[in-house]
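Chemist:
Number of protein chains: 2
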Amino acid sequence: MATLGIDLGGTKISSILFTEKGDVLEKKAVTLNQRKGPEVGALITEQIIHMKEFSLSHGDSIKSIGISVPGISCSKTGLVWAPNIPGWENYPLLDDIRTVSGNIAVTIESDRTCHLLGELWMGNAKGCSNVVFLAVGTGIGAGILVNGEVLRGSNDIAGSIGWMALDRPFHENYTSCGCFEYHASGEGIAKVTRQYLRHDDKYRGELAYKEPEEITSYDVLNAYNNGDPLANKVIGECIEFWGMATANLVSIFNPEKIIFGGGLFGPAASLLPDIKNEAEKWAQPVSIRQVILDTSALEGDAGVYGAGYIALENLSEKKYDLGDV
Amino acid sequence: MATLGIDLGGTKISSILFTEKGDVLEKKAVTLNQRKGPEVGALITEQIIHMKEFSLSHGDSIKSIGISVPGISCSKTGLVWAPNIPGWENYPLLDDIRTVSGNIAVTIESDRTCHLLGELWMGNAKGCSNVVFLAVGTGIGAGILVNGEVLRGSNDIAGSIGWMALDRPFHENYTSCGCFEYHASGEGIAKVTRQYLRHDDKYRGELAYKEPEEITSYDVLNAYNNGDPLANKVIGECIEFWGMATANLVSIFNPEKIIFGGGLFGPAASLLPDIKNEAEKWAQPVSIRQVILDTSALEGDAGVYGAGYIALENLSEKKYDLGDV
Chain A
1 MATLGIDLGG TKISSILFTE KGDVLEKKAV TLNQRKGPEV GALITEQIIH MKEFSLSHGD
61 SIKSIGISVP GISCSKTGLV WAPNIPGWEN YPLLDDIRTV SGNIAVTIES DRTCHLLGEL
121 WMGNAKGCSN VVFLAVGTGI GAGILVNGEV LRGSNDIAGS IGWMALDRPF HENYTSCGCF
181 EYHASGEGIA KVTRQYLRHD DKYRGELAYK EPEEITSYDV LNAYNNGDPL ANKVIGECIE
241 FWGMATANLV SIFNPEKIIF GGGLFGPAAS LLPDIKNEAE KWAQPVSIRQ VILDTSALEG
301 DAGVYGAGYI ALENLSEKKY DLGDV
Chain B
1001 MATLGIDLGG TKISSILFTE KGDVLEKKAV TLNQRKGPEV GALITEQIIH MKEFSLSHGD
1061 SIKSIGISVP GISCSKTGLV WAPNIPGWEN YPLLDDIRTV SGNIAVTIES DRTCHLLGEL
1121 WMGNAKGCSN VVFLAVGTGI GAGILVNGEV LRGSNDIAGS IGWMALDRPF HENYTSCGCF
1181 EYHASGEGIA KVTRQYLRHD DKYRGELAYK EPEEITSYDV LNAYNNGDPL ANKVIGECIE
1241 FWGMATANLV SIFNPEKIIF GGGLFGPAAS LLPDIKNEAE KWAQPVSIRQ VILDTSALEG
1301 DAGVYGAGYI ALENLSEKKY DLGDV
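Chains as they are written, first to last, in my numbering: chain A, 1 to 325; chain B, 1001 to 1325.
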């Protein structure tokens, strides 16, 4: 018996065929190459067909499919809202998959939930009942486990922590993405750096020699590691925001662990001690002493492992079942 | 069959003897009168003895007792940490109760959880699965229901939202109580008002004629309702903080409702529309449109009703059981 995990990211689709124990039978990745709308749906069904054939040719069969999507999945309708994939405002992904899945069980989840569950299954959240996966990439979101269960909220949009209010007064820049995401996401770091560059005529550091619109958060982190003063200012503020957000999650959830993942953790992982120092100032003092801050063990594979896990869970408990598929 | 709910507050003990359906058989309140340590424990056991006798004299008997405490109750040890009751740093309340409870089941919970459960049983949270009870009194805390279950965290101190970080940079005033509580609790409102009075020589409003150390949050709310400019400044800032905190709870939990209770809501209840307006600026935009902000239906009785509910729940599901008592 095999299960299939599929992770739809902003630029590629990763698939892994798992045994029940989580061993990898087959692994594949394809890039989206600017595909949009139903073309992305078709690329997902292609992966399913490939993995079904692979499985059959090895005398096995897929019993359950889990899919991680970069946005919000409505468990009642099978519709997906993925802001970074053109044409996926309310995309009927489940309908696409049903055309090729036959009687295989199908589960669709948000990437924030899959990242969390991947770490719970095979990564740094193993054995935890109360844990937060804080994903800092282009945007910011969190997968949250409470009493061993995923926090979904009343309409499947819990964990939208990029909208966390951390700095008065309200600024119009926060309207489209939220205060925390504006200041401390990958996109945010690039934006804030460009803004400082525009207002600092005297700065002659390494970021001054780049085309402002091409500066990425990775450039800023590199410059920070080289001791660049502008990068020091930007990342110093980020550490403050990451620390305050960590403090808030600790005071609210009293979790065993907070796991930092997404594209930036990664390269910002060395900042965890500074983030903990900042969080210690703000958080409930008993809770912050008990929590462990850690990075993702699975890094870029957390989503596809989480997708494999929800596929497996669906078979054993039906708790993620989307109905009669 | 009867259950007994006891609410230990900072100044009094309220007890209600309930039927299974939640009808009130007997109600009693006694003041603490500066009692401390074991004297408070003895006053609680007196209430139990009184209610046992009342029950027996009516041909009934108490099957389960629930107790709400103003602090943290450790479900594993029965020890209670209640900062506002002298000598209750790690008070063995369960041991006291066992001397008079016989074979009656006993459950101890934090007041924030009991307020939440009181509203769930008999108040404005009826039928909710994802709801936050935001208690603003002397301090600030929250009882939080996720997927129908109380959020406790890994060591029973979840919901410590008085520690929420909402305003950079960190200020040493936040060290003892947290940023949100410093600015927007009852105690905080009084402190901030006194600070403004010290630095404003020109102010001649109604608060200038009070002894600064005697000013309470209720005085400031009254002055606000009378159009006083200093009170307007203080309460205006509070609305900002309450709105930001509401936004954060909405973005994180995607709840059906947030219920405002505690001593201040109460008199600040008329500010809910202003708080919602502020929260709308900051919060995840879909989530904030779905949430309902409401006040406590039970007000001062939320804790004792919650204590009655945990007593009843303990009988039916044993989910709050503290062991063989």
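Note that CB positions come from ideal geometry on N, CA and C, so glycine has one too.
From what residue to what residue does the alpha helix (DSSP H) around ALA223(A) run?
Modeler: 217-225 is the span of the alpha helix (DSSP H), which, as asked, contains ALA223(A).
Chemist: ASN155(A) versus chain B: which residues are under 7 Å apart at the beta carbon?
Modeler: Neighbours of ASN155(A) on chain B, chain order: ASN1254 and GLN1290.
Chemist: Can the beta-carbon of PHE1170(B) be found closer than 9 Å to that of TRP282(A)?
Modeler: Contact: yes.
Chemist: Below 9 Å between beta carbons: does that hold for GLY159(A) and GLU181(A)?
Modeler: Not in contact: GLY159(A) and GLU181(A) (Cβ atoms no closer than 9 Å).
Chemist: Looking only at C-alpha atoms, which of VAL69(A), THR107(A) and PRO70(A) sits nearest to LYS76(A)?
Modeler: Among VAL69(A), THR107(A) and PRO70(A), the Cα nearest to that of LYS76(A) is on THR107(A).
Chemist: Step through the CB atoms of chain A and report whether any lies within less than 9 Å of the CB of PRO1070(B).
Modeler: Output row for PRO1070(B): interface = no.
Chemist: Between the segment 1160-1172 of chain B and chain A, which residues of the former have CB atoms less than 9 Å from a CB of the latter, in chain order?
Modeler: Within the segment 1160-1172 of chain B, the qualifying residues are SER1160, ILE1161, GLY1162, TRP1163, MET1164, ALA1165, LEU1166, ASP1167, ARG1168, PRO1169 and PHE1170.
Chemist: Enumerated in chain order, which unbroken segments of the beta strand (DSSP E) with a length of 3 residues or greater are wholly contained in the segment 268-305 of chain A?
Modeler: For the segment 268-305 of chain A, whole beta strand (DSSP E) runs of length 3 or above, ordered along the chain, are 292-295.
Chemist: Closest to GLY1308(B) by CA distance: which of GLY1139(B), GLU1119(B), GLY1010(B) and ASP1201(B) is it?
Modeler: Ranking the options by Cα distance to GLY1308(B), first place goes to GLU1119(B).
Chemist: Just curious, the alpha helix (DSSP H) that PHE253(A) is in, first and last residue?
Modeler: Element bounds for PHE253(A): 229-253.
Chemist: With a 10 Å radius around its C-beta and 16 neighbouring C-beta atoms as the bar for buried, classify HIS199(A) as buried or exposed.
Modeler: Answer is exposed; the Cβ neighbour count stays below 16.
Chemist: Can you give me the C-alpha to C-alpha distance between THR31(A) and VAL304(A), rounded to a whole angstrom?
Modeler: Using only the alpha carbons, I get a separation of about 15 Å.
Chemist: Using a cut-off of 9 Å between C-beta atoms, extract the partners of LYS281(A) located in chain B.
Modeler: Near LYS281(A) (Cβ distances below 9 Å), the residues of chain B are ALA1165, PHE1170, TYR1174 and THR1175.
Chemist: So, with DSSP's three-state summary, where would you put THR1011(B)?
Modeler: If DSSP states are grouped into helix, strand and coil, THR1011(B) belongs with coil.
Chemist: Output needed for LEU1043(B): all residues of its chain with C-beta closer than 8 Å, excluding positions within five of it in sequence on either side, in chain order.
Modeler: Excluding positions up to five away in sequence, the list reads ILE1013, VAL1030, LEU1032 and ARG1035.
Chemist: Give the single residue among GLY1300(B), LEU1312(B), PHE1265(B) and ALA1311(B) whose Cα lies nearest to the Cα of LEU1293(B).
Modeler: LEU1293(B) has its Cα closest to that of PHE1265(B), out of GLY1300(B), LEU1312(B), PHE1265(B) and ALA1311(B).
Chemist: Would you mind sorting GLY1263(B) into buried or exposed? The rule is 16 or more other CB atoms within 10 Å of its CB.
Modeler: Burial call: buried.
Chemist: Any idea if SER1316(B) is buried or exposed, counting beta-carbon neighbours within 10 angstroms, 16 or more meaning buried?
Modeler: Per the 10 Å Cβ criterion, exposed.
Chemist: I need the boundaries of the beta strand (DSSP E) containing PHE1133(B), first residue and last residue.
Modeler: It spans 1131-1136 - the beta strand (DSSP E) in which PHE1133(B) sits, taken as one unbroken run.
Chemist: Can you list, in chain order, the residues of its chain with a C-beta nearer than 6 Å to that of SER1061(B)? Leave out the 5 residues immediately preceding and following it.
Modeler: The residues are SER1055.
Chemist: How is the alpha helix (DSSP H) around ILE1049(B) delimited, first residue to last?
Modeler: ILE1049(B) -> alpha helix (DSSP H) spans 1038-1057.
Chemist: Which residues does DSSP pair with TRP81(A) in a beta bridge?
Modeler: According to DSSP, which records beta bridges pairwise, TRP81(A) is partnered with ILE72(A).
Chemist: Going by alpha carbons, who is nearest to ILE1189(B) out of THR1019(B), ALA1223(B) and TYR1209(B)?
Modeler: That would be ALA1223(B), whose Cα lies nearest to the Cα of ILE1189(B).
Chemist: Distance cutoff 9 Å, beta carbons only. Does CYS179(A) sit that close to anything in chain B?
Modeler: Output row for CYS179(A): interface = yes.
Chemist: Can you check whether the C-beta of ASN222(A) is within less than 9 Å of a C-beta belonging to chain B?
Modeler: Chain B contact via Cβ: absent.
Chemist: Interface residues of chain A around LEU1151(B) at Cβ under 9 Å?
Modeler: Within chain A, the residues near LEU1151(B) are ASN130, VAL146, ASN147, LEU151, ILE252, PHE253 and ASN254.
Chemist: Taking the alpha-carbon positions, what's the VAL1348(B) to ASN1090(B) distance?
Modeler: It is not possible to answer for residue 1348(B), since the shown part of chain B is limited to 1001 through 1325.
Chemist: Within 10 angstroms of its Cβ, does ASP201(A) collect 16 or more other Cβ (buried), or is it exposed?
Modeler: Its Cβ having fewer than 16 others within 10 Å, ASP201(A) is exposed.
Chemist: Among CYS114(A), ILE65(A), LEU145(A) and ALA105(A), which has the Cα closest to the Cα of GLY127(A)?
Modeler: Looking at the Cα atoms, LEU145(A) is the closest of the given residues.
Chemist: Can you pull the chain A neighbours of ASN1248(B), defined as C-beta to C-beta under 9 Å?
Modeler: Within chain A, the residues near ASN1248(B) are ILE161, TRP163, MET164, ALA165, LEU166, ASN248 and ILE252.
Chemist: What number of angstroms, rounded off, separates the C-alpha of LEU230(A) from the C-alpha of TYR203(A)?
Modeler: Each residue's Cα considered, the two are about 8 Å apart.
Chemist: Assuming HIS1050(B) contacts LYS1028(B) under a Cβ cut-off of 8 Å, what Cβ separation, rounded to an integer in Å, is found between them?
Modeler: Right, their Cβ atoms sit about 7 Å apart.
Chemist: Using a 10 Å radius around the Cβ and a threshold of 16 neighbouring Cβ atoms, would you call LEU124(A) buried or exposed?
Modeler: Here residue 124(A) is Asn; the residue named in the question, Leu, does not match the sequence. Under this definition ASN124(A) is a buried residue.
Chemist: Pull the bridge partners of LEU1004(B) from the DSSP assignment, please.
Modeler: BP columns for LEU1004(B) point to LEU1017(B) and ILE1065(B).
Chemist: With a cut-off of 8 Å on the beta carbons, I'd call ILE235(A) and VAL250(A) a contact; round off their distance for me.
Modeler: 22 Å between Cβ atoms; not a contact.
Chemist: Can you give the Cα-Cα distance for PRO1285(B) and ARG1098(B), rounded to whole angstroms?
Modeler: PRO1285(B) and ARG1098(B): Cα-Cα distance of roughly 50 Å.
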